[in-house]
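Visitor:
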Amino acid sequence: MFGLKRERTLCVGVVGLGLIGGSMAKALKKYTGHLVYGCDIDEGTLSEALADGAIDEAVAENDLSMCDLVFFALYPQQTVAFVRENIRQFRPGALLVDLCGVKRFPVENLTDFCAENGLCFIGGHPMAGRECWGFSGSDADLYKGASMILTPGEHAPAPALELLEGLFADLGFGSITTTTPAAHDSMIAFTSQLAHVVSSAYIKSPRAREHEGFSAGSYKDLTRVAKLNPQMWTELFLENADDLVEEIDTITAHLAEYRKAIAENDAETLFRLLDDGRRIKEELDR
Numbered sequence: 017m018f019g020l021k022r023e024r025t026l027c028v029g030v031v032g033l034g035l036i037g038g039s040m041a042k043a044l045k046k047y048t049g050h051l052v053y054g055c056d057i058d059e060g061t062l063s064e065a066l067a068d069g070a071i072d073e074a075v076a077e078n079d080l081s082m083c084d085l086v087f088f089a090l091y092p093q094q095t096v097a098f099v100r101e102n103i104r105q106f107r108p109g110a111l112l113v114d115l116c117g118v119k120r121f122p123v124e125n126l127t128d129f130c131a132e133n134g135l136c137f138i139g140g141h142p143m144a145g146r147e148c149w150g151f152s153g154s155d156a157d158l159y160k161g162a163s164m165i166l167t168p169g170e171h172a173p174a175p176a177l178e179l180l181e182g183l184f185a186d187l188g189f190g191s192i193t194t195t196t197p198a199a200h201d202s203m204i205a206f207t208s209q210l211a212h213v214v215s216s217a218y219i220k221s222p223r224a225r226e227h228e229g230f231s232a233g234s235y236k237d238l239t240r241v242a243k244l245n246p247q248m249w250t251e252l253f254l255e256n257a258d259d260l261v262e263e264i265d266t267i268t269a270h271l272a273e274y275r276k277a278i279a280e281n282d283a284e285t286l287f288r289l290l291d292d293g294r295r296i297k298e299e300l301d302r
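Quick look at the structure:
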């Protein structure tokens with residue numbers, strides 16, 4: 017079924033031209049010779065993308081039949097709904113890749129469904145971002161040096177994976193990691209989602225409004241991702257609730273240990289807790 021070659025000019029669709037999709041479109045235009053078609057519900061965004069040269073043409077959601085490869089930079093539920101509602105509009109044999117931050121939901125809902133309709137679906141997650149959203153924050157170099165995670169099904173065609181790996185290398189990704197959707201979601205709950213929860217909770221201290229003159233690097237580091245897109249992160253957290261709750265329980269238990277040692281003036285235990293954290297960080301940095 018799958019016969020695309022990276023060496024030839026591809027027609028690539030990008031559905032959703034926010035931070036992630038807009039950056040993907042810009043990178044494709046900057047670093048490849050492929051034709052890029054943009055699809056977005058906001059006409060202003062499409063006009064901006066055309067004026068910026070990020071896309072060659074704006075297309076409607078039911079007009080992607082010319083695309084060999086389509087990236088979906090939407091929320092998980094939007095991605096599944098879009099593909100299912102427009103399944104007859106894709107080119108036979110096309111490769112569909114979603115870029116959202118959880119993988120079990122889209123992969124479980126679309127892999128077999130797409131295969132049954134003559135299409136190839138592969139889950140993806142670019143490990144890059146910034147504290148803004150929308151096309152205005154997109155950047156052709158957002159993915160420079162970043163990791164790209166792929167969660168292909170067990171029957172994903174090898175040529176499709178080879179094409180994606182080569183394409184992502186062209187776009188500047190520093191590494192390609194292949195894993196299962198479950199392993200991805202479990203790890204992302206720790207490396208990304210928990211950090212956003214902690215940052216959001218930390219900034220709610222009453223002292224936050226009085227930090228000027230008293231804060232430095234540690235405050236900036238811990239509060240950076242509190243400036244998030246609440247609609248997107250609400251869906252990502254709830255789609256990965258089991259793994260994320262487990263991580264929240266783990267950090268809550270650790271915080272309780274620190275709290276107990278401090279409240280009881282237990283210097284020996286507090287030193288051990290802090291030293292354990294230092295040692296683990298040094299081991300991970302080697």
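Per this note's numbering, the very first residue in the sequence shown carries number 17; after that it's consecutive.
C-beta: ideal position from N, C-alpha, C; glycine also.
1. For Gly69 and Phe287, what's the separation of their Cα atoms in angstroms?
2. What's the C-alpha gap between Ala224 and Val99?
3. Going residue by residue through the segment 48-87, where are the continuous alpha helix (DSSP H) segments of at least 4 residues, counting only ones entirely within it?
4. Give a yes or no on contact between the segment 165-184 and the segment 128-147, applying the rule of three or more CB pairs nearer than 8 Å.
5. What does a CB cutoff of less than 7 Å around Glu147 pick up in its chain, not counting 5 residues either side in sequence?
6. For Cys130, which residues from the same chain have a beta carbon less than 8 Å from its beta carbon, with the 5 sequence-adjacent residues on both sides left out?
7. By Cβ distance below 6 Å, which residues in the same chain neighbour Met143 in space, the five residues on each side in sequence not counted?
8. Candidates Gly293, Ala272 and Ala41: which alpha carbon is nearest Leu115's?
9. From Glu73 to Gly60, what does the alpha carbon distance come to, in whole angstroms?
10. Can you tell me whether Glu284 is buried or exposed? The criterion is at least 16 other CB atoms within 10 Å of its CB, across all chains shown.
11. Have a look at Glu263, Gln94 and Thr195 and flag the residue whose alpha-carbon is nearest the alpha-carbon of Leu126.
12. Between which two residues does the alpha helix (DSSP H) harbouring Pro175 extend?
Guide: Judging by the given coordinates:
1. Rounded to whole angstroms, Gly69 to Phe287 spans 56 Å at the Cα level.
2. If I take the Cα positions, the gap works out to 43 Å.
3. DSSP assignment within the segment 48-87 yields the following whole alpha helix (DSSP H) runs of 4 residues or more, N-terminal first: 59-68.
4. Touching, per the Cβ criterion.
5. Result list for Glu147: Arg240, Val241 and Lys243, in chain order.
6. Cβ contact annotation for Cys130 (same chain, cutoff 8 Å, sequence separation greater than five): Val99, Ile103, Leu112, Cys136 and Phe137, in chain order.
7. Same-chain partners within the cutoff: Ala162 and Ser163.
8. Comparing Cα positions, the closest option is Ala41.
9. The alpha-carbon of Glu73 is positioned some 14 Å away from that of Gly60.
10. By the 10 Å Cβ count, Glu284 comes out exposed.
11. Comparing Cα positions, the closest option is Gln94.
12. Per DSSP, Pro175 belongs to the alpha helix (DSSP H) from Ala174 to Asp186.
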